[in-house]
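I have placed the structure first, in the form of structure tokens, so that the comments after it can refer back to it.
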Amino acid sequence: MKTVHKYRLEHDNTQHQLKLREGYRVLHSAYLVTEKAVFVWIEVPLDLSLPEQNIALRVFRTGEAIPKSFDYLASAIDDFGPEAYHIYRAQQALVSVAA
1 MKTVHKYRLE HDNTQHQLKL REGYRVLHSA YLVTEKAVFV WIEVPLDLSL PEQNIALRVF
61 RTGEAIPKSF DYLASAIDDF GPEAYHIYRA QQALVSVAA
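Residues in the sequence shown are numbered from 1 upward in steps of one, following UniProt numbering.
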């Protein structure tokens, strides 16, 4: 079995720390004007025998410098403004957590 979780990601240079089961996948991202924030929906397995991973996500604006140590996951567009937000995962945060 699996489920989907929704996470709010601020676009103020914050690095968001998440603990997710191995095998997770990003399904969707969106900029919600009413919240003035980026959201990401991530599918995660419910199998408790799978190890957990600590991941760090960060939102970058179009044109902003992105370190090589980040991998692209998704983008979210502000439909009422000129902004686009790009969600990246930090490579160094991919550490399995012992059960």
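In this text, a Cβ means the ideal position worked out from N, Cα and C, and glycines have one as well. The structure displayed is predicted, hence computed values, not measured ones.
Residues near residue i in its chain [Cβ-Cβ closer than 6 Å; skip 5 each side]
i, result
"VAL33", "PHE80"
"HIS28", "TRP41"
"ALA98", "Low per-residue confidence applies at ALA98: pLDDT is 49, beneath 50, and the placement is therefore not dependable, though the value from the model is reported in the following sentence. Same-chain partners within the cutoff: there are none."
"TYR7", "VAL40"
"ARG21", "VAL44, PRO45, LEU50 and GLU52"
Supposed close pair residue i, residue j - CB separation, criterion 8 Å
i, j, result
"LEU57", "ILE77", "Wrong, their Cβ atoms sit about 18 Å apart, outside the cutoff."
"TYR85", "VAL26", "In fact, because the Cβ distance is near 14 Å, the residues do not count as touching under 8 Å."
Cut-off 8 Å between Cβ atoms - residues of its own chain near residue i, not counting five sequence neighbours on either side
i, result
"LYS2", "GLU43, VAL44, PRO45 and LEU46"
Same chain, Cβ closer than 7 Å to residue i, neighbours up to 5 away in sequence not counted
i, result
"GLN92", "SER69"
"ARG61", "HIS11, GLU83 and TYR85"
"TYR24", "ILE42, GLU43 and VAL44"
"ALA30", "PHE39 and ALA76"
At 3 residues or longer, and completely inside the UniProt domain "DUF7352" (1-91): list those beta strand (DSSP E) runs for me, N to C.
As far as the UniProt domain "DUF7352" (1-91) is concerned, its whole beta strand (DSSP E) runs of at least 3 residues are 2-9, 15-21, 25-32, 37-45, 52-61, 70-77 and 84-90.
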